[in-house]
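Visitor:
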């Protein structure tokens, strides 16, 4: 199974910008850690980062043609105003987890509202780079449960067809 991780604006600057908020870990290191954990659990993982809303919308939509089973997304600042990203997530109808490294509820007022939190499977905030790891654990659990449900359904259907 395949998971796509989408990083929004300015996340390419991790380890450089606002280290007091986001810590010293670079995006490449977060991706390497996630890739290792995904492989240990038998999952394929791919990463995408853009500072542009339309490119992120394209990346979400392209997930359907890439056989992606679930999306982990940190829309960053786009969280608070991108109806386009919200609509793209709804359109692809894939299990999606929203990630934020900082606790957005403890920051500026404009960061308190997420336009996607009500349409995703869950939101993880405030654990720094570990937020991504927690999101990956959650996504693996969700996808394994979906897989088991499909297998059980197929088994039940096969038994029903025998009768």
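Residue numbers (our numbering): 979 to 1141. Backbone N, C-alpha and C define an ideal beta-carbon position, used for all residues, glycine too. Since this is a predicted model, take the numbers as computed values, not measurements.
1) What residue from 1078, 1076, 1040, 1093 has the CA that sits closest to residue 1065's CA?
2) At 3 residues or longer, what runs of the beta strand (DSSP E) sit wholly inside the stretch 1072-1117?
3) Go ahead and label residue 1016 buried or exposed: buried means 16 or more other beta carbons lie within 10 angstroms of its beta carbon, across all protein chains shown.
4) Using three-state DSSP, classify residue 1004 as helix, strand or coil.
5) Is the stretch 1022-1034 close to the stretch 1127-1136, with three or more CB pairs under 8 Å?
6) Determine the direct distance from the alpha carbon of residue 1103 to that of residue 1007, and round the result to whole angstroms.
7) Which complete beta strand (DSSP E) runs does the stretch 1003-1055 hold, if anything under 3 residues is left out?
8) What separation, rounded to the nearest whole angstrom, lies between the Cα atoms of residue 1041 and residue 1076?
9) Does DSSP put residue 981 in a helix, in a strand, or in coil?
10) Tell me which same chain residues have a C-beta within less than 7 Å of the C-beta of residue 1035, skipping the five on either side of it?
Guide: According to the data block:
1) Here residue 1065 refers to the residue found at position 87 when the chain shown is read from its first residue. Ranking the options by Cα distance to residue 1065, first place goes to 1093.
2) 1074-1078, 1100-1103
3) Against the chain shown, residue 1016 aligns to sequence position 38. It counts as buried.
4) Indexing the chain shown from 1 puts residue 1004 at position 26. The answer is coil: DSSP assigns residue 1004 none of H, G, I, E or B.
5) no
6) Locating residue 1007 in the chain shown gives position 29, counting from the first residue. Locating residue 1103 in the chain shown gives position 125, counting from the first residue. When rounded, the distance between both Cα atoms is 19 Å.
7) 1022-1027, 1048-1052
8) Counted from its first residue, the chain shown places residue 1041 at position 63. Counted from its first residue, the chain shown places residue 1076 at position 98. Their Cα atoms are separated by approximately 16 Å.
9) As a first step, residue 981 must be located in the chain shown, where it is residue number 3. The answer is strand: DSSP assigns residue 981 an E or B state.
10) In the chain shown, counting from the first residue as 1, residue 1035 sits at position 57. The answer, listed in chain order, is 1062, 1063, 1066.
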